[in-house]
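Enquirer: Each residue of the sequence shown is one higher than the last, beginning at 30 in my numbering.
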Amino acid sequence: MTSRDLGVAPGDLSDDDLLRELGHLYETRLDALRHAADQAYGEHTRRMNEMEAEYLRRRPGREIDPERMRAGARAR
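1. Do you know offhand how far R58's Cα is from A104's?
2. I think Y70 touches L62, with their Cβ atoms under 8 Å apart; what is that distance to the nearest whole Å?
3. Is D94 helix, strand or coil when you go by DSSP?
4. What would DSSP say about L51, mapped onto helix, strand or coil?
5. Given a cut-off of 8 Å on the beta-carbon distance, is the pair P39 and E72 in contact?
This is how it looks when you write it as structure tokens:
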């Protein structure tokens, strides 16, 4: 079984589908950490990493919130 047998390749998803899939992964992350078998948690992690890498590939110049950076956090 290849990773492609486990879902649509992130590069084949539309922007809306990619964001929806990422949202679902984030919604289920804590449950996977707390209750999933090691193999299932590993698969969840692999899929999340693939989706995040695709998001960053599509948006190399994405807007960075200054409050999310170290200097911004110190200013609070």
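From the three backbone atoms N, C-alpha and C, an ideal C-beta is built for every residue, glycine too. No experiment lies behind these values; they were computed from the predicted model shown.
Expert: With the structure as the only source:
1. On the sequence shown, residue 58 is found 29 positions in, with the first residue counted as 1. On the sequence shown, residue 104 is found 75 positions in, with the first residue counted as 1. R58 and A104: Cα-Cα distance of roughly 31 Å.
2. The residue labelled residue 70 in the question sits at position 41 within the sequence shown. The residue labelled residue 62 in the question sits at position 33 within the sequence shown. Taking the Cβ atoms as the reference, Y70 lies roughly 7 Å from L62, within the contact range of under 8 Å.
3. Here residue 94 refers to the residue found at position 65 of the sequence shown. It is coil, neither helix nor strand.
4. Your numbering for residue 51 matches position 22 in the sequence shown. DSSP places L51 in helix when its eight states are reduced to three.
5. Position 10 of the sequence shown, counted from the start, is the residue given in the question as residue 39. Position 43 of the sequence shown, counted from the start, is the residue given in the question as residue 72. Between P39 and E72, the C-beta gap is not smaller than 8 Å, which leaves the two residues out of contact.
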